[in-house]
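Below is the structure:
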């Protein structure tokens, strides 16, 4: 629960404040705008203006140079008819469906493993976290080399133990599987750390009492640990789903969306349409669709969250 | 009971060590590859450890490509971004947490609503803004747009909301203006917040790829991740050289992580607040 403490604080404006004279309020308002001016400037120029422009460009045909042409909703009707778009959306969903639970339960398992006193615990925790801090590009480069079909270490080890080495790079399903494996690798440490923090909030006495009542390990996990961790799990699931819509660097470097479009995701598709094909209007329209998806997910998160807290 | 517990700890430790070895293996393999020749790597029965150390995998690409330049670009971008992010977010966080001004809540909600927006949503339009400002190929073109990141602002506002109002009121009775209240009352309490902001901003800017890939068009203006992508296209079968450069790009991040590990973990747990 410690994780969510800050959220439950009363907002500053809810606290009773003595009515201030007008001059004081005026000075405070000026100070408020002075302090927020840098943030408002960068958000205005580089977030809100681009968001509005994205919406506008999504109704245009534009190559990035020269004149843009207004074409009404054609980009959107093209999206509906674009099989690659649907493939990219399906791939993104598939990635999320596998990545989120594997990384979540893996992270929980690691957290429970490391939650007890053991030698070198801090070092072990750090080692599991290393893949989170290295760049997606480096992760993609090393993964591409390790999953190389003929020379990569993965298939060489598989061969050595008598398993057939899958065609990681020339066949769609193994390629997607390899992307899932690597995204799990880069996210599991994060889930572990958040779960470790949450486990500190599960009182030891509860386990003690359950043990006295004869509960075995699995019953303790199922009836005490898991329910106590529900808020954390909820947060990590939502965060994981939204994160799976943002996987870009790794896929761009590791598979380039291939073979075919087997690992093309919404974000890599938007990028290649906008900056490789130079169909910027179309890429903006994909951006709007992506924005709507992410916003819906975010709103659902807050709704469910509020219901849980109520 | 004692021996049973000890045996259980032994099993746990063994399991943890095996799993840690698997998780670290790719980094280890990056290193092994970075000191090996293609012949050694492509041999039928190549072992899982280096046969010999080949420093030329490091020295030759360093001499041939502007890697040092990319390293410098990455460093400048990361450091300037960190400083700017801390300043912008601490100021805004204070105002949103402790001051009353018109439209405050609307502005805050508008900013927070962008928390989850991936850069790919707005990249086309953002690039046009950067073109209009004549910032293509410059460090500022990478730095400025990424200052509009709601995470740090949200974190700062939440952190400062927890600073007791009484402290500020006491300072105000002593005649301190807003600036002095901010600098001498609030800021000294913000060290953990600053640590979190510094570490995460550094990590994100050092590793950032998608946005620099769009803004940086010339070889000389690349950051390390964009440079690595370029090297991938140059090296072909010379995986050793590529992994050596990837290693060099990763080491600073690993050092920062090793030194500030505690803050990473605490900061991550704190970011779970969202």
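Protein chains in written order, with my numbering: chain H, 341 to 650; chain Z, 110 to 383.
C-beta atoms are modelled at their ideal positions from N, C-alpha and C, and glycine is treated no differently.
Computed from a predicted structure; not experimentally measured.
The beta-carbon separation of residue 142 of chain Z and residue 485 of chain H, rounded to 7 Å, stays under the 8 Å limit for a contact.
Close partners of residue 558 of chain H in chain Z (Cβ separation under 8 Å) are lacking, with about 15 Å as the shortest Cβ gap.
Unbroken alpha helix (DSSP H) runs of no fewer than 4 residues, entirely contained in the segment 128-201 of chain Z, are found at 147-151, 165-173, following chain order. Among the CB atoms of chain H, one or more fall inside 8 Å of the CB of residue 334 of chain Z. Separation of residue 418 of chain H and residue 394 of chain H (C-alpha to C-alpha, rounded to the nearest whole angstrom) is 17 Å. For a Cβ distance threshold of 7 Å, residue set 475, 476 of chain H lies close to residue 316 of chain Z, ordered along the chain.
DSSP places residue 550 of chain H inside the alpha helix (DSSP H), whose first and last residues are 544-552.
Near chain H, meaning a CB-to-CB distance below 8 Å, the residues of the segment 194-206 of chain Z are 196, 197, 198, 200, 201, 203, 204, 205, 206. By the neighbour-count criterion, in which a residue is buried when 16 or more other Cβ atoms sit within 10 angstroms of its Cβ, residue 441 of chain H is exposed.
A buried status is given to residue 431 of chain H, since no fewer than 16 other beta-carbon atoms sit within 10 Å of its beta-carbon. In the structure shown, residue 401 of chain H falls within a strand segment according to DSSP collapsed to helix, strand and coil.
Per the C-alpha coordinates, the member of H:403, H:385, H:364, H:458 positioned closest to residue 121 of chain Z is H:458. Sorting Z:229, Z:244, Z:225, Z:258 by C-alpha distance to the C-alpha of residue 202 of chain Z places Z:258 at the top.
Identification of chain H residues near residue 373 of chain Z by a Cβ-Cβ cut-off of 9 Å yields 466, 469, 472, 473, 533, ordered along the chain.
Taking the Cα of residue 547 of chain H as reference, the smallest distance to any Cα among H:536, H:560, H:535, H:375 is reached at H:560.
At the C-beta level, residue 593 of chain H and residue 480 of chain H come within 8 Å of one another. Using a C-beta cut-off of 8 Å, the segment 316-334 of chain Z makes contact with the segment 462-477 of chain H, since at least three inter-stretch Cβ pairs fall below that distance. Taking a cut-off of 8 Å for Cβ pairs, the segment 441-455 of chain H and the segment 609-625 of chain H do not touch, as fewer than three such pairs fall below it. The residue from Z:358, Z:112, Z:353 with its alpha-carbon nearest to that of residue 163 of chain Z is Z:353. Boundaries cannot be given for residue 226 of chain Z, as no alpha helix (DSSP H) includes it and DSSP labels it neither H nor E.
Taking a cut-off of 8 Å for Cβ pairs, the segment 482-499 of chain H and the segment 134-141 of chain Z touch, as three or more such pairs fall below it. Taking a beta-carbon distance threshold of 8 Å, residue 397 of chain H counts as an interface residue toward chain Z. A Cβ-Cβ distance of about 43 Å is found for the pair residue 139 of chain Z and residue 206 of chain Z, leaving them out of contact under the 8 Å criterion. Of all residues in the segment 360-376 of chain H, only 360, 365, 367, 368, 369, 370, 371, 372, 373, 374, 375, 376 place a beta-carbon less than 9 Å from a beta-carbon of chain Z. Within the model, the alpha-carbon separation for residue 260 of chain Z versus residue 194 of chain Z is close to 10 Å. Note on geometry: alpha-carbon atoms of residue 210 of chain Z and residue 217 of chain Z lie some 11 Å from one another. Contact annotation: the segment 352-367 of chain Z touches the segment 465-474 of chain H, with at least three C-beta pairs closer than 8 Å.
Here residue 332 of chain Z is actually not in contact with residue 190 of chain Z; their C-beta atoms are around 11 Å apart, not less than 8 Å. Around the beta-carbon of residue 390 of chain H, 16 or more other beta-carbon atoms lie within 10 Å, marking it buried. For residue 508 of chain H, the three-state secondary structure derived from DSSP is coil.
For residue 409 of chain H, DSSP records a beta bridge to H:401.
Assigned with DSSP and collapsed to three states, residue 355 of chain Z falls in helix. Annotation: residue 537 of chain H to residue 404 of chain H spans about 47 Å, alpha carbon to alpha carbon. In this structure, residue 421 of chain H lies away from residue 604 of chain H, with their beta-carbon atoms at least 8 Å apart.
Chain Z has no Cβ within less than 8 Å of the Cβ of residue 509 of chain H. The closest CA to that of residue 158 of chain Z, considering only Z:171, Z:169, Z:144, Z:183, is found on Z:144.
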